[in-house]
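**Student:** Please read through the structure below; I'll follow up with questions.
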Amino acid sequence: MGPCARRNAARVRFAKARYQGCGRESEDLAFRSGRVGATLRCGQQDCSGPPAIGSVSLALVLGEESPWSHPAAIAGPSVQDRVASREVDISDFGKAPSLAWLEAIRPLLRLNAREVGLLPLVLLLGVAASLAESLGISFVVVFLYVAIGDGAGASGSANPLLREAMALTHGLGGGAAAIIGLILVFMLARILFTLAYNLVTSRIRNRISQKTREEIYRQYLTVSYQDIARSRRGDLINTLATESFVAAEAYFCAAQIGISLGAALVFCAFLCVLSWQIAVIALPTALLVLLAVRLISFRTRRLDETISQSYRNLSGQMVSAIHGMKTLRVFALEKRYEASFKEASGEARRSAVAAEQLRAMLYPLGEISYLVLLGAIALAGGRLGITTSVIIGSVALLYRLQPHLRELEQSLMRLLEIRSVLTRLSDAVGGIGRRYPEPGRLSYAGFQEDVSFEGVTFRYPGAEEDALREVGFSIRRGEVTALAGPSGAGKTTIVNLLMRLYDLQAGVIRADGTPLTEIKREDWLCRIAVAGQDVELMDDTVVENIRLARPDASFEDVRRAAADAGALEFIEALPDGFDQWIGEGGSSLSGGQRQRLGLARALLAEPDILVLDEALNAVDGALEDRIREAVIARFRERGAVLLITHRLDSLLDADRVVCLDHGRVVEDGAPRALLARPGPFSRMLGRSA
Ligand SMILES: Nc1ncnc2c1ncn2[C@@H]1O[C@H](COP(=O)(O)OP(=O)(O)OP(=O)(O)O)[C@@H](O)[C@H]1O
Ligand SMILES: [Mg+2]
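Mapping of the sequence shown onto the numbering used here: residues 69 to 757, in sequence order.
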């Protein structure tokens, strides 16, 4: 299997794809391509269609390799074009030229355009250091001529380099001291150029890392929640914390390639001028040695791919274990997790040791081959009648050329190795395949009349069924609207849509007649707040967790919100009161305490519309009633309340109840009126009575 074929064997996933074998069209089909263009298969188990595939709309690519490297995939005029609508024929995947991946990392290049622009300076400094070194070596040859008392031989030599060097030496007095002085000047110049190179590059390296991780982090925060919620946390952390450094590494590989090439050219030019006969023999032979070593090093690169995969696997396991510490203890899964971690960790160690050992062998192998080559050249030079001084100078140049050739080869290979990570980073930086929430353009001064759902149909990404189907109802000002229905009916989904976490597939939600997507997101979100069953608390103090809703709120406001949420008493009983650190996710608090913090946070936001989604179901009945009644009375006055609760008796206090079942509204009206007639609501209450 050639390299292109291997590229296509990588696992790729398209957010939108049509598999023509089985005719299935889905948001999330997984394909695994076996052989180029012929064996792409639909990931669904029951698919028995022929394996050939026609075209897909490429959107999101996961896995080691990206089909963006395919020219057809990158031919579109814009990223958006590629993401959403472009139908790309992938039947000839694999015919892609290998350099097309450079196109795929364009967002990364664009992000670091300033640093890319500084590349010539970096190259200049690197090559200048090599030039100074070559000149130093040339003067060593001159010194040898003078030392053996053959200065006249060098001045009269057919070699222009030697003649020029001798002329310069004569200009400086002609003695050995002058030559040594010149050699020292060149060596010092090399040191200074190298220093400047290191200073410049350290700034650039850290700047690239900083920009890349900040941009990825920004993307994580700004892409639509529905996209980020579907990504594996381990992958997100790995990309941000570890892989973001690869961008800087790639820059230096590119710089190193330029510098090594430049340096190699400088050394070769000096060698040719010093002795063209030696150059003719040595340069092709040196390249052959290098190629032979490269063939052996090929295996280390395969091992590097395995290592990278092993570490991704390890980080995935770490994240899932760290997030599930409590669950895995409760289900006594410690041993199983430990065994599976040990296996992944052992795999990472084995491949790392194998790669390092192979690499450790490569270095002496390369060195020895090169030394043999240098010895042979010295002998051959003697036979060709080349003077000892020139032979020594040439051998010194060749010896110094070797690290540049090795650097060139290693940088090239490393760049090719990390291209899949670069493509991934580039996708993350450029938000490729991601959706963004509509920012909206209309200002929203405040809730006036109603929020209405009109024919809203919604399906979660990747789900088989709609969570909501043609849902229509209104939340009116001055009213408490309750959502009732069995578990899974779609109540929280309605809240998710109100909070603009997901995009609708059909229908519209209007706030005072304006579609929600047209209202500025921030304007809308500061008018609505939700207190839910599962409160997402931050690893911070009580006060900062409440303040999250309004960062500029005074301590008095925070205290008042806590009091309104019935949380003041327990907060003040904590050892550090409001400054108590609550642990990750509020792990040091009880479920009911966490919920009251969540409610305090929502109240602090002072919204027009307060959403209570099972907000106090972990709080005991009497306390819940007291808090809920006070909060509801206040927000009914202020704007509106959307109440979701399994406590059916509290539904009777609502002004309107919307009953949902399987994502549909099955009944809607005043609770007393609904109760008076047979129907879903009275059945629900009857069952619970
Ligand atoms: N993130 C998600 N991805 C895919 N499907 C989801 C997601 N969240 C919810 N669903 C599905 O959508 C449907 C409605 O879920 P929802 O959370 O709105 O129910 P609910 O009425 O709030 O239930 P409960 O009373 O148990 O809280 C369910 O079938 C559920 O499995
Ligand atoms: Mg729910």
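Even for Gly, the Cβ is constructed at its ideal location relative to N, Cα and C.
With ligand 1 as the reference, list in chain order each residue whose Cβ lies under 5 Å from any of its heavy atoms.
**Tutor:** Tyr528, Ala531, Ala535, Ser555, Gly556, Ala557, Gly558, Lys559, Thr560 and Thr561
**Student:** Leucine 484: which of Asp372, Ala741, Tyr431 and Ser328 sits nearest, CA to CA?
**Tutor:** Asp372
**Student:** Which whole-angstrom value is the C-beta distance of phenylalanine 254 and glycine 217, which I expect to be below 8 Å?
**Tutor:** Not really, about 24 Å apart at Cβ, beyond 8 Å.
**Student:** Rounded to a whole number of angstroms, what is the C-alpha to C-alpha distance between serine 123 and proline 529?
**Tutor:** With a pLDDT of 33 at serine 123, under the threshold of 50, the modelled position of this residue cannot be trusted; read the value that follows with caution. Roughly 21 Å between the two C-alpha positions.
**Student:** Would alanine 738 be called buried (16 or more neighbouring beta carbons within 10 Å of its own) or exposed?
**Tutor:** exposed
**Student:** Specify, as a first and last residue, the run of the beta strand (DSSP E) that arginine 578 falls within.
**Tutor:** Arginine 578 -> beta strand (DSSP E) spans 574-579.
**Student:** Is it buried or exposed for arginine 627, if we count other Cβ within 10 angstroms and need 16 for buried?
**Tutor:** Buried, since its Cβ has 16 or more Cβ neighbours within 10 Å.
**Student:** Do the stretch 469-486 and the stretch 310-322 make contact, defined as three or more Cβ pairs closer than 8 Å?
**Tutor:** Yes, the stretch 469-486 is in contact with the stretch 310-322.
**Student:** In three-state terms, what does DSSP make of valine 184?
**Tutor:** helix
**Student:** Please classify methionine 429 as buried or exposed, where buried requires at least 16 neighbouring CB atoms within 10 angstroms.
**Tutor:** exposed
**Student:** Quick one: residues in its chain with C-beta nearer than 6 Å to the C-beta of glutamine 470, no 5 flanking neighbours on either side, listed in chain order?
**Tutor:** Tyr438
**Student:** Please identify the residue among Leu170, Glu612, Ser622 and Phe623 whose C-alpha is closest to the C-alpha of leucine 665.
**Tutor:** The shortest C-alpha separation from leucine 665 is found at Glu612.
**Student:** Report all residues from its chain with a CB closer than 8 Å to the CB of leucine 339; omit the five preceding and five following residues, and keep chain order.
**Tutor:** Ile346, Ala347, Ala350, Leu351, Ser462, Leu465, Leu466 and Leu469
**Student:** Shortest alpha-carbon distance to threonine 560 belongs to which of Glu604, Gly194 and Leu680?
**Tutor:** Closest by alpha carbon: Leu680.
**Student:** When the cut-off is 8 Å and only beta carbons count, does glutamine 287 lie next to chain D?
**Tutor:** Structure shown: chain D not included; a single protein chain is present.
**Student:** Using a threshold of 7 Å, is the CB atom of aspartate 736 nearer than that to any non-hydrogen atom of ligand 2?
**Tutor:** no
**Student:** Sorted by chain position, which residues of the same chain lie with C-beta nearer than 7 Å to asparagine 381's C-beta, five sequence neighbours on each side aside?
**Tutor:** Ala412
**Student:** What whole-angstrom Cβ distance do valine 699 and aspartate 632 have, given they're in contact under 8 Å?
**Tutor:** 7 Å
**Student:** Confirm the yes/no value for this check: CB of aspartate 580, any heavy atom of ligand 2, distance under 7 Å.
**Tutor:** no
**Student:** For glycine 600, which residues does DSSP report across the bridge?
**Tutor:** Asp681
**Student:** For valine 398, count neighbouring Cβ atoms within 10 angstroms of its own Cβ and tell me buried if that reaches 16, exposed if not.
**Tutor:** Exposed is the call here.
**Student:** Here's the rule: buried if 16 or more other CB atoms are within 10 angstroms of the residue's CB, otherwise exposed. What is tryptophan 344?
**Tutor:** exposed
**Student:** Which value, in whole angstroms, describes the spacing of the CA atoms of phenylalanine 99 and isoleucine 296?
**Tutor:** In this prediction, phenylalanine 99 scores a pLDDT of 36, lower than 50, which makes its location untrustworthy; the coordinate-derived value is nonetheless stated afterwards. Approximately 21 Å between the Cα atoms of the pair.
**Student:** Could I get the ranges of all uninterrupted alpha helix (DSSP H) runs contained in the stretch 393-445, with 4 residues as the minimum, in chain order?
**Tutor:** 393-398
**Student:** Which residues mark the beginning and the end of the alpha helix (DSSP H) in which valine 626 is found?
**Tutor:** 623-632
**Student:** Which runs of the alpha helix (DSSP H) spanning at least 4 residues fall entirely within the stretch 633-705, listed in chain order?
**Tutor:** 636-641 and 659-672
**Student:** Is it the case that the stretch 523-543 contacts the stretch 605-623, given that we only count it when at least three CB pairs across the two stretches are under 8 Å?
**Tutor:** no
**Student:** If you run the structure through DSSP and keep just helix, strand and coil, what is leucine 605?
**Tutor:** coil
**Student:** By the DSSP assignment, the alpha helix (DSSP H) with isoleucine 248 in it spans what residues?
**Tutor:** Element bounds for isoleucine 248: 244-290.
**Student:** Quick one: is asparagine 180 buried, meaning 16 or more other Cβ sit within 10 Å of its Cβ, or exposed?
**Tutor:** buried
**Student:** May I ask you to report which of helix, strand or coil DSSP gives alanine 552?
**Tutor:** strand
**Student:** Using three-state DSSP, classify glutamate 590 as helix, strand or coil.
**Tutor:** helix
**Student:** Hey, would you say the C-beta of aspartate 644 is under 7 Å away from at least one heavy atom of ligand 2?
**Tutor:** no
**Student:** Please tell me whether, using a cut-off of 7 Å, the distance from the CB of aspartate 809 to the nearest non-hydrogen atom of ligand 2 is below it.
**Tutor:** In the structure as shown, the chain starts at 69 and stops at 757, and residue 809 therefore has no counterpart that could be examined.
**Student:** Are at least three pairs of beta-carbons, each pair with one atom in the stretch 562-579 and one in the stretch 590-602, less than 8 Å apart?
**Tutor:** yes
**Student:** Decide if the stretch 485-492 is in contact with the stretch 509-522; the criterion is three or more beta carbon pairs, one per stretch, under 8 Å apart.
**Tutor:** Between the stretch 485-492 and the stretch 509-522, the count of Cβ pairs shorter than 8 Å is below three; the stretches do not touch.
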